[in-house]
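There are 2 protein chains.
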Amino acid sequence: MRDAFHEDLDKISDQLVEMTHLAGSAMARATTALLDADINLAESVIEADKHLDDLREELDAMSVDLLARQQPVATDLRMVVTAMRMSADLERMGDLARHVAKVARLRFPESAVPADIRATILQMGQVAERIVAKAGQVIASKDVEAAKTLERDDDAMDDLHRQLFGKLVDGTWQHGTEAAVDITLVGRYYERFADHAVSVAHRVVYLVTGEWDLEARDHEEDEDSRPPA
Amino acid sequence: MRDAFHEDLDKISDQLVEMTHLAGSAMARATTALLDADINLAESVIEADKHLDDLREELDAMSVDLLARQQPVATDLRMVVTAMRMSADLERMGDLARHVAKVARLRFPESAVPADIRATILQMGQVAERIVAKAGQVIASKDVEAAKTLERDDDAMDDLHRQLFGKLVDGTWQHGTEAAVDITLVGRYYERFADHAVSVAHRVVYLVTGEWDLEARDHEEDEDSRPPA
Numbered sequence: 727m728r729d730a731f732h733e734d735l736d737k738i739s740d741q742l743v744e745m746t747h748l749a750g751s752a753m754a755r756a757t758t759a760l761l762d763a764d765i766n767l768a769e770s771v772i773e774a775d776k777h778l779d780d781l782r783e784e785l786d787a788m789s790v791d792l793l794a795r796q797q798p799v800a801t802d803l804r805m806v807v808t809a810m811r812m813s814a815d816l817e818r819m820g821d822l823a824r825h826v827a828k829v830a831r832l833r834f835p836e837s838a839v840p841a842d843i844r845a846t847i848l849q850m851g852q853v854a855e856r857i858v859a860k861a862g863q864v865i866a867s868k869d870v871e872a873a874k875t876l877e878r879d880d881d882a883m884d885d886l887h888r889q890l891f892g893k894l895v896d897g898t899w900q901h902g903t904e905a906a907v908d909i910t911l912v913g914r915y916y917e918r919f920a921d922h923a924v925s926v927a928h929r930v931v932y933l934v935t936g937e938w939d940l941e942a943r944d945h946e947e948d949e950d951s952r953p954p955a
Numbered sequence: 727m728r729d730a731f732h733e734d735l736d737k738i739s740d741q742l743v744e745m746t747h748l749a750g751s752a753m754a755r756a757t758t759a760l761l762d763a764d765i766n767l768a769e770s771v772i773e774a775d776k777h778l779d780d781l782r783e784e785l786d787a788m789s790v791d792l793l794a795r796q797q798p799v800a801t802d803l804r805m806v807v808t809a810m811r812m813s814a815d816l817e818r819m820g821d822l823a824r825h826v827a828k829v830a831r832l833r834f835p836e837s838a839v840p841a842d843i844r845a846t847i848l849q850m851g852q853v854a855e856r857i858v859a860k861a862g863q864v865i866a867s868k869d870v871e872a873a874k875t876l877e878r879d880d881d882a883m884d885d886l887h888r889q890l891f892g893k894l895v896d897g898t899w900q901h902g903t904e905a906a907v908d909i910t911l912v913g914r915y916y917e918r919f920a921d922h923a924v925s926v927a928h929r930v931v932y933l934v935t936g937e938w939d940l941e942a943r944d945h946e947e948d949e950d951s952r953p954p955a
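Residue numbers (the numbering used here), protein chains in the order written: chain A, 727 to 955; chain B, 727 to 955.
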């Protein structure tokens with residue numbers, strides 16, 4: 727039998743996994759809403775984000791309460807602090823899904839995504855779903871090797887992001903400035919979503935090994951992923 | 727005389743204020759680098775961000791150490807947890823300044839900012855400097871009334887952001903897609919910078935009053951600040 731403290735920690739871990747499910751579902755539905763110009767789906771994603779915000783607040787309250795009541799040290803303390811950081815990542819991932827849904831809503835009844843980049847956006851959505859699902863498994867399993875595989879998904883996301891920017895700036899863009907603005911932001915939302923998933927996985931690695939991968943401090947490629955003019 | 731715990735808390739607070747200075751200086755220099763296409767200044771901002779990352783890491787280590795050694799409860803516990811959240815905001819603000827500097831570097835020797843939107847970007851830079859300076863004062867003074875004035879600066883930033891998007895999407899944009907991509911991202915970086923400053927101020931309010939302003943949970947206007955097509 728586990729003691730009360732570790733039961734509480736398990737509860738926190740379960741809640742983090744639940745947050746990965748919600749963030750993944752939100753991004754999957756946001757991608758569909760964006761590609762299909764589905765206003766109802768977009769609205770449902772925007773609405774559902776509140777639930778993720780609430781979960782984060784609940785989880786952080788549980789964590790602070792746990793710190794106050796149990797006064798953990800060493801690994802136990804690190805687990806609680808790390809859980810609070812992961813909940814911040816996951817809540818932000820929900821925000822990013824909501825942002826994608828808002829772009830879909832803003833352009834309704836048209837699709838914000840020109841036909842020739844649909845395939846790229848679709849793939850970005852798929853990578854986003856995959857990487858957050860893996861982040862959930864890593865939280866549940868504490869599997870350091872599995873955590874490392876998220877890097878590859880993130881590399882795939884960076885490649886797609888680079889492709890997307892390539893299409894925006896290679897001089898062949900025919901869809902006007904407004905569509906360019908939409909696609910620039912949408913591309914950034916997907917990329918940041920993946921960054922936060924990697925950050926979650928790195929935090930698990932830190933928890934298990936005590937070693938903080940320096941790259942995890944700022945796992946963002948952003949502008950550098952744009953090909954120079 | 728203050729006890730050891732409160733001396734440590736003071737040290738953490740001082741370090742947070744120092745982080746606001748660094749983030750403010752970084753964004754001020756990034757704005758100049760962007761407007762003047764000053765590659766050396768851009769490089770110095772990109773380089774200096776590491777210092778802010780280090781400070782955050784140091785501060786978080788101090789905080790965890792403080793939790794382990796002193797096992798604070800109630801307000802003291804809340805202060806330490808809040809400090810860790812503020813350090814995350816401030817580190818992110820440094821990242822955003824670095825992103826602006828990277829856009830300047832990417833377009834060098836040209837300026838990424840077309841002449842007709844220079845004034846808007848300049849103002850966004852000024853609001854960014856002002857809001858982070860105020861965040862620093864709020865951390866130092868714990869002044870709840872001062873914290874509330876950051877909302878007005880953030881509203882000013884949102885207005886400027888809306889103006890910027892207006893120029894991108896009103897059909898008169900003459901500077902090509904690449905410049906539109908740059909300006910879309912730069913606009914978002916300034917806006918997010920201000921959001922994080924407001925978030926810091928809200929956290930101080932929470933610390934002092936125990937009341938978490940619901941709006942503080944997600945203080946982001948983003949896509950909604952774009953005028954509909």
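C-beta atoms are modelled at their ideal positions from N, C-alpha and C, and glycine is treated no differently. Note that the structure is a prediction, hence the values are computed from the model and not measured.
| Query | Result |
| --- | --- |
| Nearest-angstrom Cα separation, counted from B/L793 out to B/E817 | 21 Å |
| 9 Å Cβ cut-off: residues of chain B touching A/R888 | None at all; the shortest Cβ gap to chain B is about 13 Å. |
| Minimum C-alpha distance to B/H825 - residue among B/R914, B/T903 and B/G897 | B/R914 |
| Which of helix, strand or coil DSSP assigns to B/E877 | helix |
| C-beta neighbour in chain A for B/V895, strict 8 Å | yes |
| Extent of the continuous alpha helix (DSSP H) run through A/A749 | A730 to D762 |
| Proximal chain A residues relative to B/E937, where beta-carbon distance stays under 9 Å | Those within 9 Å of B/E937 in chain A number zero; the least Cβ separation is about 13 Å. |
| Within 8 Å of chain B by C-beta, residues of the region 819-852 of chain A in sequence order | D821, H825, K828, V829, L832 and R833 |
| C-alpha gap between B/V864 and A/I857, whole angstroms | 38 Å |
| Three-state secondary structure (DSSP) of B/D802 | helix |
| Cβ-heavy atom distance, A/A866 to the ligand ZN, below 7 Å | For the ligand ZN, the structure offers nothing, since it holds no ligand at all. |
| As assigned by DSSP and simplified to three states, the class of B/A955 | With a pLDDT of only 35 at B/A955, under 50, the local geometry of the prediction cannot be trusted, and the value read off the model is given with reservation. In the structure shown, B/A955 sits in coil (DSSP, three-state: anything other than H, G, I, E or B). |
| Nearest neighbour of B/Q741, chosen from B/L781, B/D802, B/W899 and B/A927 [CA to CA] | B/L781 |
| Contact check, B/R918 vs B/M812, beta carbons under 8 Å | no |
| Option in B/S770, B/I847 and B/A854 with minimal Cα separation from B/F891 | B/I847 |
| A/R831, buried or exposed, once every other Cβ within 10 Å from all chains shown has been counted against 16 | buried |
| Buried versus exposed call for B/T746 [16 or more other C-beta atoms within 10 Å across all chains shown] | buried |
| Environment of A/E784 [buried if 16+ CB atoms lie within 10 Å] | exposed |
| Beta carbon of B/F834 nearer than 8 Å to that of B/I772 | no |
| Given B/M819 as reference, the closest of B/K776, B/D762 and B/A845 once Cα atoms are compared | B/K776 |
| Buried versus exposed, by CB contacts within 10 Å (16 or more), B/T801 | exposed |
| Closest by C-alpha distance to B/E871, when choosing among B/Y932, B/S770, B/A814 and B/E836 | B/Y932 |
| Per-residue contacts from B/A749 into chain A (C-beta, under 9 Å) | Going along chain A, no residue has its Cβ under 9 Å from B/A749, so there is no contact; the nearest lies around 14 Å. |
| Same chain, Cβ closer than 8 Å to B/P954, five either side skipped, listed in chain order | The predicted position of B/P954 is uncertain, since its pLDDT is 38 and thus under 50; a value taken from the coordinates is nonetheless stated next. Nothing listed; no residue qualifies. |
| Range covered by the alpha helix (DSSP H) that runs through B/S770 | I765 to Q796 |
| B/L767 and B/T758 closer than 8 Å at C-beta | yes |
| Which listed residue (B/D869, B/L803 and B/A920) has its alpha carbon closest to that of B/L822 | B/A920 |
| Endpoints, alpha helix (DSSP H) assigned at B/H922 | G902 to T935 |
| Residue-level contact to chain A via CB, B/A906, 8 Å cutoff | yes |
| Length-filtered (4 minimum) alpha helix (DSSP H) runs lying within the region 800-883 of chain A | 800-833 and 844-867 |
| Buried versus exposed call for A/D896 [16 or more other C-beta atoms within 10 Å across all chains shown] | exposed |
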